[in-house]
Amino acid sequence: MMHRLEPHPQEWIDRATVINFIFEGRPCRGFGGDTISSALAATLPYLGRSFKYHRPRGILSFANHDSNTLFQVDGVPNVRGDVTLLREGMRVAAINTFGGLEGDKARILDRFARFLPVGFYYKAFHSKRLFPRWERMFRVITGLGAVTLGAERRLTPKRYGFCDVLVIGGGPSGLAAALEAAAAGAHVGLVDEAFRLGGSGADGEYESLRALTDAVSRSPRITVFAATVAAGYYADHWVALAEPTRMTKMRAKAVVFATGAIEQPAVFRNNDLPGVLLASGARRLLRRYRIAPGRRVVMVAANLEAYSVCLDLHAQGVQVAAIVELRRPPFDHSEAARGCAKAGITIIPGSAPYEAIAGADGAVAALAIAPLDASGGIQPAKPRRIDCDAVLMSVGWAAATQLYQQAGGSTRFSEELQQFIPEEVQPQGIFAAGRMNGVYDFEARVADGKRAGSQAAAHAGFGAPSNAPIARGPRCPSHRFPIIDHPLAKNFVDFDEDLQVKDLTNAAQEGFDSSELLKRYSTVGMGPSQGKHSNMNALRILARVRGSTIEQLGLTTSRPMYHPVPLKLLAGRSFNIERRTPIDGEHRALGAVWMPAGNWRRPEYYAVSGETRAESIEAEVRAVRTGVGLIDVGTLGKIEIHGPQAGLFLDRVYAGKYSDMKVGSTRYGLMLDEAGVIIDDGVIARLTAETFYFTTTTGGSATVFRELLRLNALWGLDCALVNVTGHRAAFNFAGPLCRDILQSLTDADLGESAFPFLGVRSARVAGVDVRLMRVGFVGELGYEIHVPAGGACAVWQALHQAGLPRGLRAFGVEAQRVLRLEKGHLIVGQDTDGLTDPFEANARWAVNLNKPYFVGQRSLKILAKRGPRQKLVGFEIPDPKRLPKESHLVIEKGEIAGRVTSVVHSRTLNKTIGLAMLAPRLAEVGGEIRIRADHGEMLAARVAATPFYDPQNLRQRAGVGA
Amino acid sequence: MKIMVCPLNGPRPVSEFAYGGEVRNPPDADTCSDAEWSAYVFNRSGSPGVKYEWWCHIASGFWFIALRDTTRDAVIATYPAEAARNTLEPPGRAP
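Going down the list, the protein sequences come from chains P and D. With positions in the first sequence counted from 1, the corresponding number in our numbering is that position plus 1. With positions in the second sequence counted from 1, the corresponding number in our numbering is that position plus 1358.
Below is the structure:
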């Protein structure tokens, strides 16, 4: 039974502070500085239940790897007990139990283990009929913590960090690397997942280590990230640092991976009993929290660390009943081993644990051991029983190469060291150090850290790189096969997923015999620890089955995250761009109902009390047709082009011709891509001989401008482009009365001869210098007024006030859709798609094929020969109650023959009108088509000529009809 | 996230850049067959290797050419688009 020892000056707990908390309704206590796991370890015989068989489990690693020390804490699932500090009043419960830790009803599953073979799901659930039932059952019994659906939303910040050298791992090699890099002048980030620096060194050489940690804390160039997981490595040294309450995205110029090694369990029957744990975990509990693993301990040993831990325990008054040494002499006869012998500890070489035996409380009560033969096989004829209340395992390590692999580092398996080590050639700016690099002894790790730190600093531009060799020691820290077979199994390889030796052997024999296949089929390494304590042993078993070497098998791919990371850290806050025009406030004051348009928000319509949405839109349309209306079109892309070859540039990027335009005139422009497909349209205005001003669609403004810049960079014409989309507001002031009203606000002559249709003029309106363009998107006399953003409100207000007495209404996007459709004007991207060419869109008039060159010209010549595959035509439905929707299909003889691209009900014309893409054979004006509307209803429609409204364009040309 | 070195703005995160496609030489529009032209318009090479690509630093609107090894996910070099102009001309250009 674990128990707390008397105080020690180096302990991490504050005994003066007593913390009371509740475990499954039962009052418990710990000290300040205790984690949930350390406080419970000193209180309970076991802390959790295993994933599949619901076996009682205690601490295994105490390194934040175990799935059996995850807890439900104050409603939060899967809280990591090894690293979560105890808080007063905390309510803690075990996860994955049915009725609590002790009385877990699912513990019966342990007896049925032989009916749950590897690949159980694949083998048992073939029946489609029964699958839903099985699925419901397994959704209930599998999984770990319970999600609290009503949990409060906690936002966590993200931030960006920068450093020259990032050192991952605060053990002896990481500390030395950070100090060496800082000494060279580099700014260093030093990350460690523990609360304090020191890594495994914190549990060994106190004094030597303190010299390093003190130097780090004094260094002005080292920033320490404690209790922080370097969760993932991304391209170009971008490392996700998961801190307790935020995510730092750290960009480094070089990275030192001093990520250490992860202790691996010995595999023998009942190696998962509470009280059987890794020696490094026992040492952490002892040194940091002053918790002894038991009163009478057996050590399963295969390396030097085993002896060092035994001496440590012995010095603290814990009886070491025996050291069961897997190796046969001669092995490392080091100082520690001799010390153990001198302390009277029995060393039993050439033996292995055969099984652990549970006591009444479920925890380990004895270890049965047996000799190993020369080939490493167990001789279980007469197992020898050693009574104990704790079994420690110190048989080997796995290098923590996960992040290093993510960074593109490759590894090879060293038979001498029995671990994966980095290859000689490492990627640019990537440096491995310490135990991960196969260097184990304290002084050697410090030296290796210095070398890596110096090389990383030099890579970042500080100092000259060390050329010291990597001094991997002669001793082997890991046993080559610490796995003991047992006819009754329950010898666990993966403690997360309850996988036994036979599960992996069977999987390999069933054909899943590569490391990646074995992982996917058996789920080894797929639990919360991601194989940190199981992948290495699984590889050893697979190598035995295959008769191959571990090098031949190789590691499975390592992907972010290294540790499970709370979703809240990844989700963080979102950032959505929403652009607003300069007169956003005016819209708000007028009751605008918003809709998104590209990145912008635009008024869909203006709500007026007492009117429905449809009535408001209808009134807005009527105002434009009979009086005057005002719409904000400032979301259009607005570009200026200056230079002697500006006209030539426009001739090349638009399908029409612009270099021959008169100053003071405007012309419609259709932009194509190289395939001849329509990608944008707008109005081009010639302001001077060498200056044009033109608009693009709202949605296309950014990409069109960017592509124009690219073409300008490619062609090198003598012209320059300026994007003034944000600099200028724009309104369309339209309706039969608009000229009269605008004339009252400006001295410019708006008379028909002075300022004809399609003209552009500079003028001063309401004291602001504006550009006026006489264009007719909505089909009435109208002016597009382009205003510097700073004067936008003044001009809008002046127009609005001057128009109000004559019935002006501001109108929104919905009314504009109706108005433009009555005129048959297409919207690029709505009435055209990614395949529509100008011939199909009835826009041949906007194309000048005789120019020397324009983008899409060569393709159009091919398309002209081929003829259109579809045609954009107008249609009308006489029955005003019938309104299909956009994208409804046109059906002919049961086949799709087209689709509706735009449709509205026009009050002006008292019928339903729209545009449709039709097969050319149906595109004759007057032809009958059938549209399949909602619920399969077939609507009869007639192909109609466009414009539907004012076909002679008399109103917009001269403003007649008012 | 990757870093890309803009010839105008220096090293910046790749999220500040837009990809503009591979640098490709169009066939002569006056003499090529329709099939050759269609192949130029619609076909792209997806094979891994060293590519010449258009990239734009979005905030400054600066276009440049990046020499990129897609097998190694490494940007080998970047330089202003002017350098490419001599070899890349649109077909049938006037001046």
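Here a beta-carbon is modelled for each residue, glycine too, at the ideal position from N, C-alpha and C.
About 6 Å separates the Cβ atoms of ALA357 of chain P and ASN272 of chain P, confirming a contact at the 8 Å cut-off. The CB of LYS1409 of chain D never comes closer than 8 Å to any CB in chain P; the least such distance is about 17 Å. Interface annotation, VAL1363 of chain D: not in contact with chain P, CB-CB separation never under 8 Å. Per DSSP, reduced to three states, the secondary structure at THR550 of chain P is coil, with no helix or strand assignment. Flagged as an interface residue toward chain D: LEU715 of chain P, by a C-beta distance shorter than 8 Å.
Chain order gives the chain P residues near GLU1440 of chain D as ALA714 and GLY717, where near means a beta carbon separation below 9 Å. The Cβ neighbour count for THR347 of chain P, taken over all protein chains shown within 10 Å, is under 16; the residue is labelled exposed.
Chain-order list of chain P residues neighbouring GLY1378 of chain D: ARG707, GLU708 and ARG711, by C-beta distance under 9 Å. Sequence-distant Cβ neighbours of LEU556 of chain P in its own chain, meaning closer than 8 Å and more than five residues away, are THR402, GLN406, THR412, PHE421, SER516, ASN536 and LEU540. The continuous beta strand (DSSP E) containing SER903 of chain P extends over residues 896-907. Leaving aside the five residues that flank GLY34 of chain P on each side, the residues in its chain whose CB is nearer than 6 Å to its CB run, in chain order, TRP13, ILE14 and ASP15. Its Cα nearest to that of VAL277 of chain P, the residue P:LEU61 stands out among P:ARG297, P:LEU61 and P:PHE576. Identification of chain D residues near TRP239 of chain P by a Cβ-Cβ cut-off of 7 Å yields MET1359, ordered along the chain.
With respect to the 8 Å criterion, TRP1421 of chain D and ARG711 of chain P are classified as neighbours on the basis of their beta carbons. Between VAL905 of chain P and PRO885 of chain P, the gap from beta carbon to beta carbon reaches 8 Å or more.
Using a Cβ distance threshold of 8 Å, ASN65 of chain P and GLN265 of chain P do not count as a contacting pair. When secondary structure is reduced to three states using DSSP, THR214 of chain P falls in the helix class. Not one beta carbon of chain D lies nearer than 8 Å to the beta carbon of TYR563 of chain P. Counting of Cβ neighbours within 10 angstroms places THR1428 of chain D among the exposed residues, the total staying below 16. Bounds of the alpha helix (DSSP H) holding HIS460 of chain P are 443-460.
ASP1427 of chain D does not reach chain P, its nearest Cβ partner there being about 13 Å away, counting only Cβ pairs nearer than 9 Å. Cβ neighbours of ALA465 of chain P within its own chain (closer than 7 Å, five residues either side excluded): ALA459. In the structure shown, GLY937 of chain P adopts helical secondary structure according to DSSP, grouped into three states. The beta carbon of LEU591 of chain P sits closer than 6 Å to the beta carbons of TYR607 and ALA811 from its chain, once the five residues preceding and following it are set aside; these are given in chain order. Taking 8 Å as the CB threshold, ALA1397 of chain D stays off the interface with chain P. For VAL268 of chain P, there is no enclosing beta strand (DSSP E), as DSSP marks it with neither H nor E.
If you draw a straight line from the Cα of SER395 of chain P to the Cα of LEU279 of chain P, it is about 6 Å long.
Taking C-beta atoms as the reference points, CYS164 of chain P and GLY190 of chain P count as a pair closer than 8 Å. ARG481 of chain P is positioned such that its CB atom lies no closer than 8 Å to that of GLN553 of chain P. Taking a beta-carbon distance threshold of 8 Å, ALA1424 of chain D does not count as an interface residue toward chain P.
The alpha-carbon separation between ILE930 of chain P and THR704 of chain P amounts to approximately 37 Å. Assignment of ASP585 of chain P by DSSP, reduced to helix, strand and coil, places it in the helix class. Setting aside the 5 residues that flank it on each side, SER281 of chain P is surrounded in the same chain by GLU264, each with a C-beta closer than 6 Å to its C-beta; the list follows chain order.
Per DSSP, the unbroken beta strand (DSSP E) holding LEU71 of chain P starts and ends at 71-74. Remark: C-beta atoms of PRO372 of chain P and GLY351 of chain P approach each other more closely than 8 Å. Around the C-beta of MET251 of chain P, 16 or more other C-beta atoms lie within 10 Å, and the residue is accordingly described as buried.
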